[in-house]
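Per the working numbering, the very first residue in the sequence shown carries number 330; after that it's consecutive.
A virtual CB, placed ideally from N, CA and C, is assigned to each residue, including glycine.
If you're wondering where the values come from, they're calculated on a predicted model, not measured in any experiment.
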Amino acid sequence: MSLRTLADGSAAHSAGGGRKGRTMPASRREFMTRGALLAAGVTLATPALANASPDVRWTLASAFHPSLDAIYGGAQTCAAAVADMTDQHFVIVVAPAGAIASAADALDAVAAGKADCAHTMLSFSWTREPAFFFGSGAPFGMNARQHAAWLRIGGGSELIDALLAERGLMAVPLGSTGGQMAGWFRKEMRSAADLGGLKVRIGGFAGKVLETRGATAVSLPKEKILDALANGSLDAFEWIAPYDDEKFGGSDAGVGAPISTVAPFYYYPGWWKGETQLHLVVSKEKFLALPKAYQAALRAAAALADDGVRAHYDAANPAALKRLVVGGAQLRLFPQEVLEVCYQTTTDLYAQLSRQNQKFKAMADSYLSFRSDEYLWWQVAEYSFDNFMIRERRAKR
């Protein structure tokens, strides 16, 4: 039955068969009016139906090279999930670092309208606003699960979005490396005094901590690192974790010469960040212009990829670590004195920046308070269980 037939039938019923004096509901009047307009050939505007699945194509500027397949793959996983959830109507094209912007400039590319979104580390912009590094992972900060809880439940994401709002941006967590190694050293670290004069290829806030202790933070392209270690112009560098470190210096498809040939000491823990949390940075205007279903799809796809990247590293790092040790890497735990001195230096710098920068203080207060409560719980449940299981593994029972 056509809409016109329904409308005509309703009108006849009202005029002849209905109860006398009964007022027609407004909804029925609207229904009849719409029927009359359709009969007259007038096209009705129905945006909810007509635009339910518009074709949308976005460009994503990645801050990473495809050789970092676990990280770069996170953006690809997100894009594929968005396309699947929208029946291929919302397509995100992932561009590697350098195609649209450099690694450090991916966020700026979105703010400038050169890309619709970016997959990046917020800490790349920490010199613009120091509070950003809390979004990516802070020295002596939380581990991956704790950090995720702060972002999703503890108010972290809201604070980050408040910072990004000044540039018309917003961010969604997309990928975490989990725990990281501290990096590769040419010589052993026996005391805090060994930090003095140390030339370390490292960026971000951790570089500031080391410089406060007398080290020199060096900026050096990836392809020059191994040569610098070999000729002594560099003493150490941090990368990511065993899975990526094993491939360092090689081709995209294979494993290169072991780093241990020039820097044999592989130090842990990676105190300069308990993990690296990556984000999908989006133009807020473009996000709000999406249909609600597309917005939900983008958030859900980012969450899927976020968990997937972390799982990838957790699954791949153990075997890679074994291979690195067999290949010559010598695992070393930082001396307690080194950790304590760096922890105190970090704490002092947090306090100093909090006095100078109210945005930093708001972020630090939230982050550090959440960290304190998380480790209270961790020592009761997670640490006690993990510690027991590690002892049992060593005992081979």
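Item: For Ala477 and Phe463, the rounded distance between their alpha carbons; Value: 12 Å
Item: Buried/exposed call for Ala447, threshold 16 Cβ in 10 Å; Value: buried
Item: Proximity to Gln687 [Cα-Cα], best of Gly637, His394, Pro459; Value: Pro459
Item: Nearest-angstrom Cβ-Cβ length linking Gly483 and Lys602, presumed shorter than 8 Å; Value: Incorrect: roughly 18 Å between the Cβ atoms, too far for contact.
Item: Distance CB(Ala500)-CB(Val610) smaller than 7 Å; Value: yes
Item: Bridge-paired residues (DSSP) for Leu451; Value: Leu451 is not bridged to any residue.
Item: Minimum C-alpha distance to Leu492 - residue among Ala557, Leu436, Phe616, Gln475; Value: Leu436
Item: Among Gly442, Met518, Pro647, the one whose alpha carbon lies nearest that of Gly526; Value: Met518
Item: CA-to-CA distance, Lys690 to Ala680, given in whole angstroms; Value: 8 Å
Item: The region 541-559 / the region 612-624 touching (three or more Cβ pairs under 8 Å); Value: no
Item: Inter-stretch contact at 8 Å, needing at least 3 Cβ pairs: the region 506-513 / the region 585-599; Value: yes
Item: Within-7 Å CB hit, Gly536 to chain D; Value: The displayed structure is made up of one protein chain only, and chain D is not part of it.
Item: Ala546, DSSP secondary structure in three states; Value: strand
Item: Collapsed DSSP secondary structure at Arg725 in the structure displayed; Value: Looking at the sequence provided, one finds Lys at residue 725 rather than Arg. In this structure, Lys725 counts as coil in the three-state DSSP scheme.
Item: C-alpha gap between Glu711 and Arg386, whole angstroms; Value: 43 Å
Item: For Ala424, the residue or residues it bridges with in DSSP; Value: Ala390
Item: Beta-carbon proximity of Ser505 to Arg700, cut-off 7 Å; Value: no
Item: Beta-carbon contacts of Ala649 that lie in its chain and below 6 Å, excluding the five residues immediately before and after; Value: Pro571, Tyr572, Glu575
Item: Helix, strand or coil at Phe717 [DSSP, three-state]; Value: helix
Item: Beta-carbon gap between Gly466 and Gln606 smaller than 7 Å; Value: yes
Item: Spatial neighbours of Lys528 in its chain, beta-carbon cut-off 8 Å, leaving aside the 5 residues before and after; Value: Ala544, Thr545, Val547, Ser562, Leu563, Asp564, Ala565
Item: C-beta atoms of Ala634 and Thr406 nearer than 7 Å; Value: yes
Item: Extent of the continuous beta strand (DSSP E) run through Gln475; Value: Careful: Gln475 lies outside any beta strand (DSSP E), inside the alpha helix (DSSP H) at 473-481.
Item: Phe453 classed as buried or exposed, judged by whether at least 16 other C-beta atoms fall within 10 angstroms; Value: buried
Item: Exposed unless 16 or more other CB atoms sit within 10 angstroms - verdict on Lys537; Value: buried
Item: Same chain only: Cβ atoms within 6 Å of Ala644, ignoring 5 sequence neighbours per side; Value: none
Item: Alpha helix (DSSP H) runs contained entirely in the region 621-688, provided each spans 4 or more residues; Value: 621-655, 665-685
Item: Under the three-state DSSP convention, the category Val591 falls into; Value: coil
Item: Collapsed DSSP secondary structure at Gly508 in the structure displayed; Value: coil
Item: 8 Å Cβ shell around Gly657 - same chain, five flanking residues per side excluded; Value: Pro587, Ser589, Thr590, Pro593
Item: Where Met518 sits in the DSSP three-state scheme; Value: coil
Item: Inter-residue Cα distance where the pair is Gln685 and Glu721; Value: 48 Å
Item: Among Gly508, Leu480, Ile554, Ser612, nearest to Pro647 - alpha-carbon criterion; Value: Gly508
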